[in-house]
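Be aware that the sequence shown starts at 636, since it is given in this note's numbering, and climbs by one per residue.
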Amino acid sequence: MTNVTLPVHRTILVVDVERSTRTRAGEDLVRYAVHEALEEAFRHSQIPWEGCVSEDHQEGTIILVPPDVPKRLLVDPLPEFLVRELSAHNSLYPEEERTRLRMALHAGEVAHGEVGSSVLARNAVDPAITLAFRLVSSAALHTAMAESSGILGMIVSSYFYEEVVRHHPTIDPRIYRSVRVGTTQSTAQAWVSLPDDPRARFVAEPGHGPVAAGRTERADVVVCAGAADRSWAEWIAWQLREAGHVVEIDEWTVTAGENLVDRLELVRDRGDRALVVLSTDFLRVARTMSESTAAFARGTGVIPVRVDPIDVGGLISDRAVVDLVHTGAETARERLLAALQGNRVPRSAPAYPGEVAHPGTGAPGATTAGLPRPRRKSALLVYAEPDSNSAVELVDALQVLMDEGVLASIDERPVTWAAGEDVDPRAREAATVLLLVTRDLLATEYGLSNELRIILTRHDNRHTVLIPILVKPAVWERQPFARIAPLPTGGTPVQQWSNRERALKNIVDGVRMAAQRGRRRGSGARAATGKRRTVYDLGDVFKQSGLPTHTFVEPEDFVGFKMALRQPGLGVVLEGPSGIGKTTWLRQAFERDGDRLGRPSILSARKAEHVARIRRLDGSHTGIVAVDDFHRLPTELQDRLADLLKVLADDDTSPGKLVIVGIPGTARNLIDFASDIVNRVKVFEPQPATESLVLQMIEKGEQALNITFDGKAEIARASAGSLQTAQMLCYELAVLAGIEQTVEQHVDVRTDSAQARAKVIQHLELKYQAAVDGFIVLDQPSEPLCIELLIQLAGTADGIVCLDDVAAARPHLAAAIARVFVAGLPRGLAAAHPQIAEHLYYDPGARRLIADDPQFRFYLNQLSRDELLEAAGKRLPVTRDQVFVSYSHRDADWLDRVLVHLRPLERLGIVDVWSDRRLESGDVWRKEIVAALDRARVALLLVSSDFLASDFIDAEELPPLLAAADQGGCRVVPIQVRPSVFDRIPALACYQGVPGDTTLSELPAAEADRVLANLARELFG
């Protein structure tokens, strides 16, 4: 029986190599690379490669994609992943082995036939297959690729463009341009795009500069106006953009006899709706256009806006007009937004071009004042290219904010070396700018760029919110953005958090709050007109120490806590991280409910005389006795208090009551001492201060002083969950603004977090540095144990580090832990080192180190590991794990070539390459270079006459590298980039140079690249 080949609808993809190599081996390598790139790109794009039919032909490779695969995947994200895979290939090979691709997309009926039979044999005359090959080999695509700097050129059929591209949710159809494809017999329309050509990714938008077309949405409104109405078009477009619409301006010139309906349909190709400005000038020409009377009646999605007092009755038919004639700016804005069902309006705007009919309602060109208006919700993520993985991770984490509607979009802005003068247009528009701070970003000198200067100006003017996000340790405190409090809260980089997910959640919460609150002007409480305010001293409102009064915010479950204190006999346990505010809970409860609770006795385990009184407790006392810092009591005394809790709870008539205050786990420890007290105590667990709680505290202080901090969210981030730290920051900011007490006229206080933080740190240094200095020298001079413990404590949420967990995670520290804590401090820190014990507590029973104060952890966050090592006088063994590149600055072009070959391996985590380009602004450069030399596992010497003539290289860099090589700790590889007397230098001539007996500059460019690629494979493959 004859097999019948039934046609099946398929997506047809044809790719062909744009550039042929000179050798058969090279052609085979390129073809293999293309197949690998296609398979990987399909996999990343969620397109099942196994279900596709693929064949190689002289004209190119054809791939038939099953009909159940969404066609949109082939225009986004497939090209992006294909470019990524091809770029990875090209970066490792010389010029003749690199590849550029042409790709064609079409769809149609293709004969299914027998498995294994040739696609072309079955479809020799099939028009869909024929057109796909015609597209990929078309002169239009060849011409586009010749003018392109990218490695991929795409062409799609008119059918594919109309059915897929135009309606794709993430593709702007304007990055495709119309071309004609055909033979001498016939022609067809097609659409060309160059996905990775930066010049082709920008579309000029009148009046607004270039817009990144590959990142923008399809316009939902096109504002149509003649040249005479340009001011109206710009004003209307501004209002709609600030209300969240994607807007394009179409400045057209209408001519007599032109069909208005056809013209509007062309406009609709670029946007969902057309907003047409009706003026005297437009009407003069439009009335001569054919079919003009029915134009607006038949045109769907057309919104006429009248700006001149003209009669449009014969033109518009029954459609309602948005009338802006003789209206003020506010009314005009409201009518526009109502017509588009918008609800957001701008921060500032171009001058309103309209005239107002009646005196007192405004003046020509003037805007009227309105209420504070919601901001656009776009965010811009700025990061260095090597940090792309961190950027992807952050965008994934922030997706929840887009789902919630807090952010409408997140645009990515990777920056490279020397950001320079270019300014991304999105930097002028984004409501929130997120800056991923790492050494790589600082090395680009982005901190000195015009773009950052503009962002900082917009931040200061409350037009945007800039948030530095610390990803990896870096010396960023001298950067221009250092005055802005970073995320995660407290300034601990994500890389140093023990729980990365918790760090990302901290960032998401901080961005949410900043994006929701913005930097609104005048949001604080103001004095009522004619009413005299009570005057408070600044020190009484934002207290440096002691119990807060005006700024106390009643926490969750505070009422339940007061009720438990009233109940006779019931034991109460108040547990949480030290310094979280437990004592404030206690004192505020007694302050607010003193008539019922009486006057309590608060005894602290920190004070010897109080411990003596605690020992005398036997249940015969009257009133409430609160024992603070329970975890610091000896075990036998803790056991006695557990028994006393049970005794008091069993006797409802007892006049005495006991409250235990301690760190997390206090209630569990009590139950371990006496399991039958479970039902005799009520446990309360205050949580670390959320940013919301900190903001409430700040706002109470603002009301008392009649001021407004313009960056409350920044203060909350900088406080790291400590209400006391937030109080101190507010105090310092107010002092900087000259605020001493409540002011009569409301004052906006500028938030310079860096300056306030410096003042607070200066104060905390006097309080804590002696304890730090004493603790970091408890271990041996060559041991990092105590420094590592302080760094871990700084990053914890509760201020507790379990030493057994540290020993398990870092076995090399186990011996030091046993020596210092188990054998060396059998009685704990209090007896051996009282100055340390004031802020650190060692619990020998649970083998835990506890930092009693979140302000102490805040202070520790400001100290770097290097600073602590220097303070302790320690020089630890250094792990050699870097590639050090030594070169003369006159050979910077050869450094670029070396880095190009190593950068793909860096992204994979195979190597860590160091050159002096990683020096940051403000670094102590000599110290940084010495540290990098100590870590060098491989030293690449870019040898030239300038290299050999450099006194610094000869005196500072070569001696430690050659000494390490002699000891077997470092491999030295001279790369001869330019002619020199290298072979006459005994210290260097003993090392085999690359390439052999010549230099890279004497080789053809392709051969030089091949040498570097082979060297990368040999050293790091």
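All residues carry an ideal CB built from backbone N, CA and C; glycine is no exception.
The beta carbon of residue 1301 sits closer than 7 Å to those of 1208, 1210, 1265, 1266 and 1295, all from its chain and outside the five residues before and after it, given in chain order. For residue 765, the enclosing alpha helix (DSSP H) begins and ends at 762-771. Of 868, 652 and 1645, the smallest CA-CA separation from residue 694 is found for 652.
Within the same chain, Cβ atoms closer than 8 Å to the Cβ of residue 1151 are found at 1041, the five residues on either side in sequence being excluded. Residue 1278 and residue 1218 have their C-alpha atoms spaced approximately 23 Å apart.
Taking every protein chain shown into account, the CB of residue 1242 has fewer than 16 other CB atoms within 10 angstroms, so this residue is exposed. Assignment of beta-bridge partners to residue 1103 by DSSP yields 1070. In the three-state scheme derived from DSSP, where H, G and I count as helix and E and B as strand, residue 736 is classed as strand. The alpha helix (DSSP H) runs lying completely inside the region 1570-1631 and spanning 4 residues or more are 1580-1584, 1593-1601 and 1621-1624, given in chain order.
7 Å or more divides the Cβ of residue 1026 from the Cβ of residue 1050.
The DSSP assignment places 1382-1384 and 1435-1437 as complete runs of the beta strand (DSSP E) inside the region 1375-1454, in order along the chain (cut-off: 3 residues). By DSSP's assignment, residue 666 forms no beta bridge with any residue. Per DSSP, the unbroken beta strand (DSSP E) holding residue 883 starts and ends at 882-886. C-alpha of residue 1119 to C-alpha of residue 1070: approximately 11 Å in a straight line.
Distances from the CA of residue 771 to each of 692, 716, 746 and 701 were compared; the closest alpha carbon is that of 692. The beta carbon of residue 679 is closer than 6 Å to those of 716 in its chain, skipping five residues each way along the sequence.
When the five nearest sequence neighbours on each side are left out, the beta carbons in the same chain lying within less than 8 Å of the beta carbon of residue 1650 are those of 1536, 1608, 1610 and 1629, in order along the chain. If you compare the alpha carbons of 690, 1124, 689 and 1449 with that of residue 1489, the shortest gap goes to 1124. With a cutoff of 7 Å on beta-carbon distance, residue 1316 and residue 1206 are scored as near each other. In the DSSP assignment, residue 718 falls within the alpha helix (DSSP H) that extends over 713-725. The criterion of a C-beta distance shorter than 7 Å is satisfied by residue 1429 and residue 1495. Residue 1123 sits in coil when the DSSP states are folded into three classes, being neither helix nor strand. Taking a cut-off of 8 Å on C-beta distances, the region 1579-1598 touches the region 1612-1622, as three or more cross pairs fall below it. Per DSSP, reduced to three states, the secondary structure at residue 1145 is helical.
According to DSSP, residue pairing for residue 1016 in a beta bridge involves 1047 and 1069.
Under DSSP, residue 642 forms a beta bridge with 746. With respect to the C-alpha of residue 1259, the residue from 1221, 1244 and 1247 having the closest C-alpha is 1221. For residue 1245, the uninterrupted alpha helix (DSSP H) segment begins and ends at 1243-1250.
The Cβ-Cβ distance between residue 1015 and residue 1046 falls below 7 Å. Scanning its chain for C-beta atoms nearer than 6 Å, with the 5 sequence neighbours on each side dropped, one finds around residue 814 the residues 775, 825 and 827, in chain order. With three or more CB-CB distances shorter than 8 Å, the region 1347-1359 counts as touching the region 1382-1395. The criterion of a C-beta distance shorter than 7 Å is satisfied by residue 1545 and residue 1655. Assigned with DSSP and collapsed to three states, residue 859 falls in strand. Leaving aside the five residues that flank residue 1117 on each side, the residues in its chain whose CB is nearer than 7 Å to its CB run, in chain order, 1111 and 1389.
In the structure shown, residue 1109 adopts coil according to DSSP, grouped into three states. For residue 787, the enclosing beta strand (DSSP E) stretches over residues 787-792.
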